[in-house]
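In the numbering used here, the protein residues as written are 59 to 418.
Ideal placement from N, C-alpha and C gives every residue a C-beta, glycine not left out.
Please read all numbers here as calculations on a predicted model, not as lab measurements.
Heads up: the structure comes next, in structure tokens.
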Ligand code: G6P
């Protein structure tokens, strides 16, 4: 096991550090756009697209769904597999169901897939484990090529899932003239910068460690953001719950005043994601709201604009809008990891959790 960890103290950290390489692998595999024509065929006569998964895979679907919603005419729905399978979701032959799963074996995701097929939907799998049950049962599988993920908490799989979906959707959007050449090239160029940018962020691990130490006594985390950032907060809070067992909530920043503000006090750390230029002012007032109730604020942003109102700051390199969740998440992974380490948690095998949930 020590050899497999390749010098890292935990599999989770090793897997976090594999991300630049994985981004490169996904890029090498999907850059040529070979899959685009097949995709076009699968999207024919489709008026509704579902992104289905559990846990981190579900959150990856949210990030991709946002892109789909922007450029495509189809109605986009994101659903947790365990809800989808018991719901009255309108799934028929004009639906495309995209199931996302690292293991390809998650029981609820598999059941959701089978239900979708039974109702006549076309199905795509975004899967990591080659030849897994879900990979075999979907109409078309796209592998995320992230290699084995051992740590129970998913890290590199998320990056592989989001990036694979973004490549596929950009190709399709380009092929169908939904985005122009310029937009398309801008995405490809930005994606090619990612490995270097993630490496740079990983080099700042000691800064994240210092932040974790500073907030070691925090009893409650809030992750807040708007739009795409909100989806990233979900994954940020999940990581902290999973491996550090710290109560962590994620909230669309505008919802704070509808209840959660009552929970905020000096022992709260608010992680504020602010990567949408149009919503900076809104995020600023949300940050002020929590600060005036005693919370400390860790800002994660591409811009320095809100550093004055925040206590700590982690800067995200400039990239294309839809790649931001990948970068934000690298810091969130490091933060959860460092908090869990300080609390001496069993990082790779957190209590009560399993890597692959094959029972219902
Ligand atoms: C478990 C794991 C999570 C993972 C989820 C979905 O809960 O602990 O890390 O996100 O299952 O797994 P899948 O293999 O379907 O992506």
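Task: Span separating the alpha-carbon of residue 371 from that of residue 287 - done: Along the chain shown, one-based indexing puts residue 371 at 313. Along the chain shown, one-based indexing puts residue 287 at 229. Put simply, the backbone Cα of residue 371 is about 16 Å away from that of residue 287.
TODO: Please name the residue or residues paired with residue 155 in a DSSP beta bridge.
DONE: The count along the chain shown starts at 1 and reaches residue 155 at position 97. Answer is 108 and 181, bridged to residue 155.
TODO: Could you give the DSSP three-state label for residue 335: helix, strand or coil?
DONE: The residue you call residue 335 lines up with position 277 of the chain shown. Three-state result, residue 335: helix.
Task: In chain order, each beta strand (DSSP E) run of at least 3 residues that lies wholly inside the region 59 to 137 - done: 106 to 111
Task: Three-state class that DSSP yields for residue 326 in the structure shown - done: Residue numbering aside, residue 326 sits at position 268 when the chain shown is read from its first letter. Strand at residue 326.
- [ ] Please state whether DSSP places residue 355 in a helix, a strand or coil.
- [x] Start at 1 with the first residue of the chain shown, and residue 355 comes out as number 297. Here residue 355 sits in strand by DSSP.
Open item on the list: Check for me: the alpha helix (DSSP H) holding residue 408 runs from which residue to which?
Closed with: The residue given as residue 408 occupies position 350 in the chain shown. No alpha helix (DSSP H) holds residue 408; DSSP gives it neither H nor E.
Open item on the list: Counting only C-beta atoms, is residue 278 closer than 9 Å to chain C at any point?
Closed with: Included in the structure is just one protein chain, with no chain C present.
- [ ] List the whole-angstrom C-beta distance separating residue 270 from residue 126, where the pair is believed to meet the contact cut-off of C-beta under 8 Å.
- [x] Taking the first residue of the chain shown as position 1, residue 270 is located at position 212. Taking the first residue of the chain shown as position 1, residue 126 is located at position 68. Not confirmed; about 35 Å, so no contact.
- [ ] Within the same chain, show all residues whose beta-carbon is closer than 7 Å to that of residue 22, passing over the 5 residues directly before and after it, in chain order.
- [x] Only positions 59 to 418 of the chain appear in the structure, and residue 22 is not among them; the question remains open.
TODO: Buried or exposed for residue 207, please, with buried defined as at least 16 other CB atoms from any protein chain shown within 10 angstroms of its CB.
DONE: As a first step, residue 207 is located in the chain shown; it is residue number 149 there, counting from the start. Around the beta carbon of residue 207, a 10 Å sphere encloses 16 or more other beta carbons of the protein chains shown; the residue is thus reported as buried.
- [ ] May I ask you to report which of helix, strand or coil DSSP gives residue 235?
- [x] Locating residue 235 in the chain shown gives position 177, where the first residue counts as 1. Three-state result, residue 235: coil.
Task: residue 306 - DSSP class collapsed to helix/strand/coil - done: Stepping through the chain shown from its first residue, residue 306 is reached at position 248. DSSP places residue 306 in strand when its eight states are reduced to three.
Open item on the list: Between which residues of its own chain and residue 327 is the CB-CB distance below 8 Å, once the five residues before and five after are set aside?
Closed with: Counting from one through the chain shown, the residue named residue 327 turns up at place 269. Excluding positions up to five away in sequence, the list reads 273, 276, 278, 279, 280, 353, 354, 355 and 356.
Open item on the list: Just to confirm before moving on: does the CB-CB distance between residue 205 and residue 196 stay below 9 Å?
Closed with: Translated into positions along the chain shown, residue 205 becomes position 147. Translated into positions along the chain shown, residue 196 becomes position 138. No; because the gap between Cβ atoms is not below 9 Å, this pair is not in contact.
Task: Proximal residues to residue 104 (C-beta, below 8 Å), its chain only, five neighbours per side dropped - done: Here residue 104 refers to the residue found at position 46 when the chain shown is read from its first residue. Cβ within range, chain order: 132, 152, 153, 154 and 180.
Open item on the list: Quick check: residue 81 and residue 252, are their CB atoms within less than 9 Å of each other?
Closed with: Position 23 of the chain shown, counted from the start, is the residue given in the question as residue 81. Position 194 of the chain shown, counted from the start, is the residue given in the question as residue 252. Taking 9 Å as the Cβ cut-off, residue 81 and residue 252 qualify as a contacting pair.
Open item on the list: I need the boundaries of the alpha helix (DSSP H) containing residue 384, first residue and last residue.
Closed with: By 1-based counting over the chain shown, the position of residue 384 is 326. Where residue 384 is concerned, the enclosing alpha helix (DSSP H) stretches over 382 to 400.
Task: Three-state class that DSSP yields for residue 208 in the structure shown - done: On the chain shown, residue 208 is found 150 positions in, with the first residue counted as 1. Correct three-state label for residue 208: coil.
TODO: Just the C-alpha distance for residue 285 and residue 310, rounded to the nearest angstrom, thanks.
DONE: Residue mapping note: residue 285 aligns to position 227 of the chain shown, counting from 1. Residue mapping note: residue 310 aligns to position 252 of the chain shown, counting from 1. One C-alpha to the other measures close to 8 Å.
TODO: Kindly indicate the opening and closing residues of the beta strand (DSSP E) around residue 201.
DONE: Locating residue 201 in the chain shown gives position 143, counting from the first residue. Per DSSP, residue 201 belongs to the beta strand (DSSP E) from 198 to 201.
Open item on the list: Taking only three categories from DSSP, how would you classify residue 268?
Closed with: Residue 268 sits at position 210 when you count from the first residue of the chain shown. Three-state result, residue 268: helix.
- [ ] Please name the residue or residues paired with residue 372 in a DSSP beta bridge.
- [x] For the purposes of this step, residue 372 is identified with residue 314 of the chain shown, where counting begins at 1. Partner(s): 358.
Open item on the list: Suppose you measure from the CA of residue 193 to the CA of residue 202; what does that come to, to the nearest Å?
Closed with: Position 135 of the chain shown, counted from the first residue, corresponds to residue 193. Position 144 of the chain shown, counted from the first residue, corresponds to residue 202. So the two alpha carbons sit approximately 11 Å from each other.
Open item on the list: With distance defined between alpha-carbon atoms, name the residue in 176, 168, 211 and 177 nearest to residue 190.
Closed with: Taking the first residue of the chain shown as position 1, residue 190 is located at position 132. The shortest C-alpha to C-alpha distance from residue 190 to any of 176, 168, 211 and 177 is the one to 168.
TODO: For my contact list, residue 333 and residue 374 are in at a C-beta cut-off of 8 Å; report their separation, rounded to the angstrom.
DONE: Stepping through the chain shown from its first residue, residue 333 is reached at position 275. Stepping through the chain shown from its first residue, residue 374 is reached at position 316. Right, the Cβ-Cβ distance comes to about 7 Å (below 8 Å), so this counts as a contact.
TODO: Could you please give me the residues that DSSP links to residue 424 through a beta bridge?
DONE: Nothing in the structure corresponds to residue 424, since the chain is present only between 59 and 418.
Open item on the list: Quick check: what's the CA-CA separation for residue 290 versus residue 102?
Closed with: If you number the chain shown from 1, residue 290 lands on position 232. If you number the chain shown from 1, residue 102 lands on position 44. Whole-angstrom Cα-Cα distance: 30 Å.
- [ ] Figure out for me which residue from 365, 149 and 97 has the closest Cα to the Cα of residue 234.
- [x] Stepping through the chain shown from its first residue, residue 234 is reached at position 176. Checked all of 365, 149 and 97; the closest Cα to residue 234 is 97.
- [ ] Grab me the residues of residue 91's own chain with a C-beta within less than 7 Å of its C-beta, minus the 5 sequence neighbours each way, in chain order.
- [x] The sequence position of residue 91 within the chain shown is 33, counting from 1. Excluding sequence positions up to five before and after residue 91, its CB lies within less than 7 Å of the CB of 229, all in the same chain and listed in chain order.
Open item on the list: Among 137, 135, 220 and 108, whose alpha-carbon lies nearest the alpha-carbon of residue 160?
Closed with: Position 102 of the chain shown, counting from 1, holds the residue named residue 160. Of the candidates 137, 135, 220 and 108, the one whose C-alpha sits nearest the C-alpha of residue 160 is 220.
- [ ] Taking residue 130 and residue 231 to be in contact with their CB atoms under 8 Å, please state how far apart those CB atoms are, rounded to whole angstroms.
- [x] Start at 1 with the first residue of the chain shown, and residue 130 comes out as number 72. Start at 1 with the first residue of the chain shown, and residue 231 comes out as number 173. So it is a contact: roughly 7 Å between Cβ atoms.
Task: 8 Å contact criterion, which residue 256 and residue 294 should meet: CB distance rounded - done: Walking along the chain shown from the start, residue 256 turns up at place 198. Walking along the chain shown from the start, residue 294 turns up at place 236. Between residue 294 and residue 256 the Cβ distance is about 16 Å, and since that is not below 8 Å, they are no contact.
TODO: State the CB to CB distance for the pair residue 93 and residue 298, rounded to an integer number of angstroms; the pair is presumed to be in contact (CB under 8 Å).
DONE: The sequence position of residue 93 within the chain shown is 35, counting from 1. The sequence position of residue 298 within the chain shown is 240, counting from 1. With 8 Å as the limit, residue 93 and residue 298 do not qualify as a contact, their Cβ atoms being about 35 Å apart.
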